[in-house]
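What follows is one structure encoded as structure tokens, with my remarks underneath.
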Amino acid sequence: MDQAMTPRIRTVALVGAAGSGKTTLTESLLHRAGVLTRAGRVEDGSTVTDHEPEEIARGISLGLGVAPFPWTATDGNAYDVTLLDTPGSADFAGAVDAALTAADLALVVVSAVDGVQAGTHAAWRLAAEAGVPRMVVVTKEDKARADFRHVLADLRAAFGDGLVPLELPLGEETSFTGVADVLSEQGLAYDREGRHRTEALPAGIADEEHRLHDEVTEEIVAHDDDQLERYLSGEVPTPAELESTLAQEVRTGEAFPVLLASGVTGVGVDRLADLLCELGPSPTDRTARVQAGKTVVEVAADPAGPTLLYAFRTLADPFVGQVTMFKVLSGTVRNGDRLLNTATRTEERIPGLFRLRGKEHLPVDAVPAGQIGAVAKLTGTPSGSLLAERTGPGASMTARPPRVRDTVYALALEPVTQSDDDRLSAALARLTAEDPTLSIDRTGESTVLRGLGDTHLAVALERLARVFGVHVSTSPVPVGYRETIRRPVEAEGKVKKQSGGHGQFAVVQLRVSPLPHGSGFEFVDAIVGGAIPRTYVQAVHKGVIEAMASGGPHGYPVVDLRVEVYDGKSHSVDSSDMAFRTAAGNGVREALHSAGTTVLEPISRVSVTVPISAQGDVMSDLSARRGHINATTSLDDGLVQIDASVPEAELGRYVLDLRSLTGGRAELTMAPGTFEVCPDHLVPA
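Residues 0 to 684 in numbering that gives the first Met the number 0 are what the sequence shown spells out, letter by letter.
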């Protein structure tokens, strides 16, 4: 691509609720641009961006789809547009996070049938937090029960000032055949091929359109002192002047244009593409923010500057291995370049550049500042990495920390065969590199996969089998119960095997007592007079720790224990480290059985953010789960944060129940807390 194209690059993240029409709209834009001879259908599994088998089977987007296309807008300029099609399900919010780090504009897609949903709120908030300018498109105006005016009112109620409707529908439901252009005050009537002709406004909508034109004009000029002064003096701004001012307001986040388009009939799609190009910011209108030590540095998108690129997503391709998707922040990256990973200080060679269009690889020689590209086999460059010229200023920079999402759902994994077991760790490492919202830990003997929901983990395990050939069975994650001794007690542990030859002999006298919750373990060497030789005291220590880890009478690891070894016996020939380790373990087990133990259950710190209208239901549900409400805090936008302490045993499917309870409007974080005594009747048998 010509480096001079950077100002005419548009990278747009399509975000919004599941089922709002993002993928269908992407297909329609590609078809209208001439990239596709026929638009695919989600129902047929034939779309460009939903090409993975897991997506086709479910009929929803599960990952980040990339779809570039060329577009010549009504201003006469040729643009390079890249759409980033994102999932609407909260389980796959990590893909939205990644898209917003690369996009210069977020297009919030809203269904004219379903209106503003939980996913709409989430998408709007994420784009705002990422500092990405926003536009809105209302889709499905051709469907039964579509109501653009009702949706517009909902948008204004949800997101306040700044929404600027630029179109009204000409007809609704099956009669939706065009749009009224609010700036030019003309009608655009569409044929079956998605092409339009300009005509006078129908009489039935003219009065409404004129009123809206005046409102929109006043809203646009209100942010431009010079234009406002001229408007108040009676000078009427032209549509081109209004569009120019509006474009600046979109860049600064003061205005959010609202458009109409049908991904099925093509009505409004060409005009949507025009306005994405003419109103949307270019890479040169924004700067990338990176770290140079403790300082935040802004990097301009200069294609002639030092090369600096940001790897925002990786994916596992069964044919070429790891594919790294990146955005060039500065400079121009070319085939064969050698760039430094600024975090690991390792050099990566760029073997063969390409652009992604769904699963298709489009080879290119170079990728200039502002554009999205891809490369295979950068195995040392995970998501969130910066690559720079070794001798350039970018070599001292690192990417700002990405958004970290708390995992809220987990499953224990068990390999099906020994071959699966041998390959599981490596496959999971690649899976989590592809999707940072997945995490792995080991709980006892279990491998635990954690993520954002049940569908998230189900898809991950399907990919584990399909891409990596590793099969596992799953089960709920065991609750991490612990035990502690009920009262102080003295106990003797011994080993005596002296039947001739080299035997085993050790005796230890222990005082075992409970410690306050959370204290851990304390070992005290109180041996005097050499009753146990110094060389064996460390073995006693190890034996105590091993016995605690192996579990008390209920089978759970023992915590909060003080063990004092104060006496014992040894034999000059038959004593050994192993004998004293075994004797110490026997003594601890004797003490635990003699005094009895109390089972402790883990308590999680839970934070739920919900609309105030759902506060009562959520608090009641937490209380029913034996939770203790610690605090409630009122937030902006009619939200409340509820902080609670809840037993881990009550939280296995909590994220799923919470979404059902709140209609998907809740945000949940969970973190390990303390341990508390488990009621006797709830101790697992």
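We put the CB at the ideal spot given by N, CA and C, even for glycine.
In this text, all values refer to a predicted model and were calculated from it rather than measured experimentally.
- By alpha-carbon distance to V137, the top candidate from E128, G130 and A152 is A152.
- Contact between A368 and F353 fails: their C-beta atoms lie close to 18 Å from each other, not under 8 Å.
- Annotation: the stretch 582-660 contains the following complete segments of the beta strand (DSSP E) (minimum length 3 residues), in chain order: 596-610, 627-633 and 638-646.
- Between the alpha carbons of L35 and I371 lies a gap of roughly 20 Å.
- Using a C-beta cut-off of 8 Å, the stretch 70-79 makes no contact with the stretch 38-53, since fewer than three inter-stretch Cβ pairs fall below that distance.
- In terms of Cβ geometry, L385 and T397 form a close pair [threshold 8 Å].
- Residue ranges of uninterrupted beta strand (DSSP E) with 3 or more members, entirely inside the stretch 69-154 and ordered along the chain, are 77-84, 104-110 and 133-138.
- Between A111 and the set T286, A143 and G87, the nearest pair of CA atoms involves A143.
- K21 is a Cβ neighbour of D84, given a cutoff of 8 Å.
- Per DSSP, Y230 is not a residue of any beta strand (DSSP E); the alpha helix (DSSP H) it occupies stretches across D224 to L231.
- In this structure, the CA atom of S612 is about 41 Å from the CA atom of S518.
- In the three-state reduction of the DSSP assignment, E207 falls in the helix class, which pools H, G and I.
- Burial check for T313: the Cβ neighbour count within 10 Å reaches 16 or more, so the residue is buried.
- The stretch 640-654 and the stretch 588-598 do not touch, with fewer than 3 CB-CB distances between them shorter than 8 Å.
- DSSP, reduced to helix, strand and coil, places T534 within a helical segment of the structure shown.
- Each of T23, A342 and V135 was checked against the Cα of L258, and the nearest Cα belongs to V135.
- The residue from R57, A490 and A623 with its alpha-carbon nearest to that of R588 is A490.
- With at least 16 other beta carbons inside 10 angstroms of its own, A179 counts as buried.
- Comparing alpha-carbon positions, the option among G479, P671, T581 and R486 lying closest to K496 turns out to be T581.
- Close CB contacts of V607 within its chain, under the 6 Å cut and outside five residues either way in sequence, are with V617, I641, A665 and L667 (chain order).
- In this structure, G335 sits away from P302, with a CB-CB distance that is not shorter than 8 Å.
- In the three-state DSSP reduction, T264 falls in the coil class, being neither helix nor strand.
- In the DSSP assignment, P513 falls within the unbroken beta strand (DSSP E) covering Q503 to P513.
- In the DSSP assignment, T294 is bridged to A291.
- Annotated three-state conformation of L410 is strand, per DSSP.
- The three-state secondary structure of H540, taken from DSSP, is helix.
- An exposed status is given to E207, since fewer than 16 other beta-carbon atoms sit within 10 Å of its beta-carbon.
- By the neighbour-count criterion, in which a residue is buried when 16 or more other Cβ atoms sit within 10 angstroms of its Cβ, T416 is exposed.
- Under the DSSP assignment, V466 falls in the alpha helix (DSSP H) whose first and last residues are D453 to F467.
- V507 counts as buried, since at least 16 other C-beta atoms from the protein chains shown sit within 10 angstroms of its C-beta.
- Taken through DSSP and simplified to helix, strand or coil, A17 comes out as coil.
- Among the bridge pairs identified by DSSP, I371 is matched with K326.
- The beta carbons of H553 and E482 sit about 6 Å from each other, so the pair counts as a contact at 8 Å.
- When the Cα atoms are used, P86 and L61 turn out to be separated by approximately 5 Å.
- In terms of Cα proximity to P400, the closest of P435, A66 and R429 is P435.
- By the criterion of at least three beta-carbon pairs nearer than 8 Å, the stretch 227-244 is not in contact with the stretch 265-272.
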